[in-house]
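Participant: The structure follows.
Protein chains: 2
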Amino acid sequence: MSSLPRRETLAPASAFSEPEKAALYRAIETRRDVRSQFLPDPIDHALLMRLLDAAHHAPSVGFMQPWNFLVIRSPEVKAELREAFTRANDEAREMFDGDKRALYSSLKLQGLTEAPVVLVITCDHTRGGRVVLGRTHNRDTDLYSTVCAVQNLWLAARAEGVGVGWVSIFHDADLRAILRLPGHVTPVACLCLGHVAELHTEPELQARGWRQRLPLEELVLHDRWPENL
Amino acid sequence: MSSLPRRETLAPASAFSEPEKAALYRAIETRRDVRSQFLPDPIDHALLMRLLDAAHHAPSVGFMQPWNFLVIRSPEVKAELREAFTRANDEAREMFDGDKRALYSSLKLQGLTEAPVVLVITCDHTRGGRVVLGRTHNRDTDLYSTVCAVQNLWLAARAEGVGVGWVSIFHDADLRAILRLPGHVTPVACLCLGHVAELHTEPELQARGWRQRLPLEELVLHDRWPENL
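Protein chains in written order, with the working numbering: chain V, 4 to 232; chain L, 4 to 232.
Structure representation (structure tokens):
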């Protein structure tokens, strides 16, 4: 393999134009976690494949590409997912106290049966063979690659007028049973996808008084972690 | 808290224009994992803050925002990271056999001392308090949020003409010791950042014959995991 000719593939790559940069930053800043705004309109095949292709162009450790895209349109599977969510969410609610519990109960945290497509993005830990370049010392890097795919898809969806909501309140065993996942595959993200005509202008949890955005400056540190933090 | 007035923050949100979509897809498709193309030019404060602000606008479980941004410009810290990388990489090389080991040895897998900025993005597992909305059943979701921040930054960097390389070949204990991280903080990504004038037109590992891009169609499944896969 080391005798393969090295293809020279370097090409000029400068900064984008100002309008191009603005488009990217707009996707990043106006992306929302959608639970309630899904329209019933179907997502057509070409659009869905553009979104999945964006995900597939995520970086991956050792070019492992550990992801699969489980596209769920079956009302039966969606209903099972919603039941599993409800079971876990009933437990979750009890973990909060007083006012926080009341507010929690008023939040809509999933759109599993309204969204025309539920997309589960998985990570196959065996994808790259016995040893994967870059995954030799941190075994979680394949999960991280899979999350990069989620975020690529989320931004592409924003630009396409498709809302995405990440539902994470499940018992792992429930997800595995419903989706019939083999043991070497981890369900990383369960995403609700649907066209939207409107979105929140700020994160819904902020608008509802759950939690505020932290000042960026307070999150920036220099060279080493400070002793007093 | 449940008596707080609900701010109505919904606004129209349609698909982007075709040129805006094209800009986003260009960032996604031309983003590369950079190891060798860093220019020595410094990254100025305003540019770095735009990149960190893009990261800070990632989705996070329960709006937890678990990330910190450790900006490393100190040659001493960079040299220590490079030593730790070299130690781990010497071990990694031995895990590959024959031709694969020879090819591995010829790959440049980090640019820690050439890059003007090394950025370590961390996850503080205590950030959201005792119970975090959405993190009640999968404790890894805060790590996933942090990776979403990495990917936002990576795409913004591409648009700004800044290359990013994710270095993952470290012993976790080495990273923690060098950066003096407390136990409740996980180092998720160690990123090399620098201006670039050129980039590879395809993933470098593909150009070098390490591994090819998988056909997207083979990664798409429907409703439940098939029995024969």
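Beta carbons: idealized from backbone N, C-alpha and C, even for Gly. Values in this document were obtained by computation on a predicted structure and should not be read as measured data.
#1: By the criterion of Cβ-Cβ separation under 7 Å, what are the contact partners of H203(L) in chain V?
#2: Scan the region 80 to 93 of chain V for residues whose Cβ lies nearer than 7 Å to a Cβ of chain L and list them as they occur along the chain.
#3: Should N92(L) be labelled buried (16 or more other beta-carbon atoms within 10 Å of its own) or exposed?
#4: What do you reckon, are the CB atoms on A242(V) and A57(V) nearer than 8 Å?
#5: Would you call the region 141 to 150 of chain L in contact with the region 29 to 41 of chain L, where contact means no fewer than 3 C-beta pairs closer than 8 Å?
#6: Would you kindly report the start and end of the unbroken alpha helix (DSSP H) that includes G101(L)?
#7: Between which two residues does the alpha helix (DSSP H) containing D93(V) stretch?
#8: Using the Cβ count rule (16 or more neighbours within 10 Å means buried), how would you classify A180(V)?
#9: Is any beta-carbon of chain L found at less than 8 Å from that of F19(V)?
#10: Taking Cβ to Cβ, would you say A87(V) is nearer than 8 Å to C195(V)?
#11: Applying the 10 Å Cβ sphere with the 16-neighbour rule, what's the burial state of N231(V)?
#12: Considering only the alpha carbon of each residue, which of E21(L), S17(L), L27(L), P15(L) lies closest to L248(V)?
#13: Under 8 Å Cβ to Cβ from E163(L), same chain only, skipping five residues before and after it: list those, please.
#14: If you measure from the beta carbon of K24(L) to each beta carbon in chain V, is any gap under 8 Å?
#15: The beta strand (DSSP E) spanning I75(L) covers which residue range?
#16: From L184(V) to P69(V), what distance separates their C-alpha atoms?
#17: Any beta carbon from chain L within less than 8 Å of E32(V)'s own beta carbon?
#18: State the Cα-Cα distance for the pair A61(V) and I31(L), rounded to the nearest angstrom.
#19: With DSSP run on the structure shown, which of helix, strand or coil describes L42(V)?
#20: Just to confirm, is the Cβ distance from V223(L) to F72(V) under 8 Å?
#21: Going by DSSP, which residues form a beta bridge with L54(L)?
#22: Looking only at C-alpha atoms, which of A210(V), A14(V), H128(V), T12(V) sits nearest to M67(V)?
Facilitator: According to the data block:
#1: Taking the second sequence and counting its residues from 1, the one referred to as residue 203(L) is at position 200. Contacts between H203(L) and chain V, judged by CB atoms closer than 7 Å, involve T12, L13 in chain order.
#2: Residues passing the 7 Å Cβ filter: V80, A91.
#3: Stepping through the second sequence from its first residue, residue 92(L) is reached at position 89. When all chains shown are included, N92(L) counts as buried.
#4: Any question about residue 242(V) goes unanswered here, given that chain V covers just 4 to 232.
#5: Flag = no, the region 141 to 150 of chain L and the region 29 to 41 of chain L do not touch.
#6: Here residue 101(L) corresponds to residue number 98 of the second sequence, with the count starting at 1. Here the alpha helix (DSSP H) through G101(L) covers 101 to 109.
#7: The sequence position of residue 93(V) within the first sequence is 90, counting from 1. 78 to 97 is the span of the alpha helix (DSSP H), which, as asked, contains D93(V).
#8: Position 177 of the first sequence, counted from the first residue, corresponds to residue 180(V). A180(V) should be labelled exposed.
#9: Here the question's residue 19(V) lines up with position 16 in the first sequence. Yes, contact with chain L.
#10: The residue you call residue 87(V) lines up with position 84 of the first sequence. The residue you call residue 195(V) lines up with position 192 of the first sequence. No, these two residues do not count as a Cβ contact at 8 Å.
#11: Indexing the first sequence from 1 puts residue 231(V) at position 228. N231(V) comes out exposed.
#12: An answer regarding residue 248(V) cannot be provided, because it is not within the stretch 4 to 232 covered by chain V.
#13: Mapped onto the second sequence, residue 163(L) falls at position 160. Same-chain partners within the cutoff: L50, R53, L54.
#14: Stepping through the second sequence from its first residue, residue 24(L) is reached at position 21. Yes, its Cβ sits closer than 8 Å to a Cβ of chain V.
#15: By one-based count along the second sequence, residue 75(L) stands at place 72. Segment 70 to 75, the beta strand (DSSP E) holding I75(L).
#16: As a working mapping, residue 184(V) is identified with position 181 in the first sequence. As a working mapping, residue 69(V) is identified with position 66 in the first sequence. Approximately 14 Å, taken between the alpha carbons.
#17: Residue numbering aside, residue 32(V) sits at position 29 when the first sequence is read from its first letter. Using a Cβ-Cβ cut-off of 8 Å, E32(V) counts as an interface residue toward chain L, since at least one Cβ of chain L sits closer than that to its own.
#18: Your numbering for residue 61(V) matches position 58 in the first sequence. Your numbering for residue 31(L) matches position 28 in the second sequence. When rounded, the distance between both Cα atoms is 7 Å.
#19: Mapped onto the first sequence, residue 42(V) falls at position 39. Coil at L42(V), not helix or strand.
#20: Here the question's residue 223(L) lines up with position 220 in the second sequence. Here the question's residue 72(V) lines up with position 69 in the first sequence. When the beta-carbon positions are compared, V223(L) and F72(V) come within less than 8 Å of each other.
#21: Indexing the second sequence from 1 puts residue 54(L) at position 51. The partner list for L54(L) (beta bridge, DSSP) is empty, contrary to what the question assumes.
#22: Position 64 of the first sequence, counting from 1, holds the residue named residue 67(V). Of the candidates A210(V), A14(V), H128(V), T12(V), the one whose C-alpha sits nearest the C-alpha of M67(V) is H128(V).
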